[in-house]
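K.L.:
Let me give you the structure first, and then I'll get to my questions.
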Amino acid sequence: MAATEQNEAIRTKEGRPLERRRFVGNATNKIDAKGRVSIPADMRRQIDAGSDDPAPVLFCAPSILADELLCGGADLKDYLLYMVAGLDLTDPMSGDRLDAEEMVLGLVERLYFDEAGRVVVPKALRDHAQLSGPVSFVGRGDIFVMADAPAIAAKQSRLLSLDPDTRNRLRARMSPARNRAGGGE
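Structure (structure tokens):
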């Protein structure tokens, strides 16, 4: 899918194309006993680039799939609604879909930056992501995740040590020609 087509694929609730930020890379910082952690400068710049909020703010929500926090700018809520819309819930007006939207959006927290670029992560979010020491920040394109650094290191190690057969299957699935032809799985 071309970049312009991809930009049109995700829309806000109001129907506007979701502005695409590109959170990339990873960094590790320590969270202190009060829950303060410095957000990497590159990620802060991506948040500030599209923010209409008068105060610098980070939006965070617990992942329902892993012990990590999903983070981004004010458009995080649109990203989450897009993800819920992709769930296999048969009727868009079903209780399941409405419950999922309510649950996901109800868990989003606004975390305000101090002058040093730090935020205070609430205890409930720290507990969910098991954040108590080194914290990894990993870019995922539209969002970034905040997670326990040793857990992220273990995940990255597993991915970088795949057996040759698995690598070949992934290479075939990730082929640009295959994706352009619509043959992705």
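Yeah, the sequence shown ends on 333 if you go by the numbering used here, and it's all consecutive.
Backbone N, C-alpha and C fix where the C-beta goes; we use that ideal spot for every residue, glycine too.
Keep in mind that this is a model prediction, so the values were computed, not measured.
1. Of all the options 296, 311, 229, which has the alpha carbon lying nearest to the alpha carbon of residue 217?
2. Under a three-way DSSP split, which group does residue 286 fall into?
3. Can you pull the DSSP bridge partners for residue 220?
4. Looking at residue 228: is its Cβ nearer than 8 Å to the Cβ of residue 253?
5. Can you give me the start and stop residues for the alpha helix (DSSP H) that residue 306 sits inside?
6. Does the structure place the stretch 174-188 close enough to the stretch 209-216 that three or more beta carbon pairs sit under 8 Å?
7. Using DSSP bridges, identify the partner residues of residue 171.
8. Taking residue 282 as the reference, which of 170, 172, 183, 171 has the closest Cα?
P.N.:
In this structure, then:
1. 296
2. strand
3. 207
4. yes
5. 297-308
6. no
7. 289
8. When only C-alpha atoms are compared, the closest one is 183.
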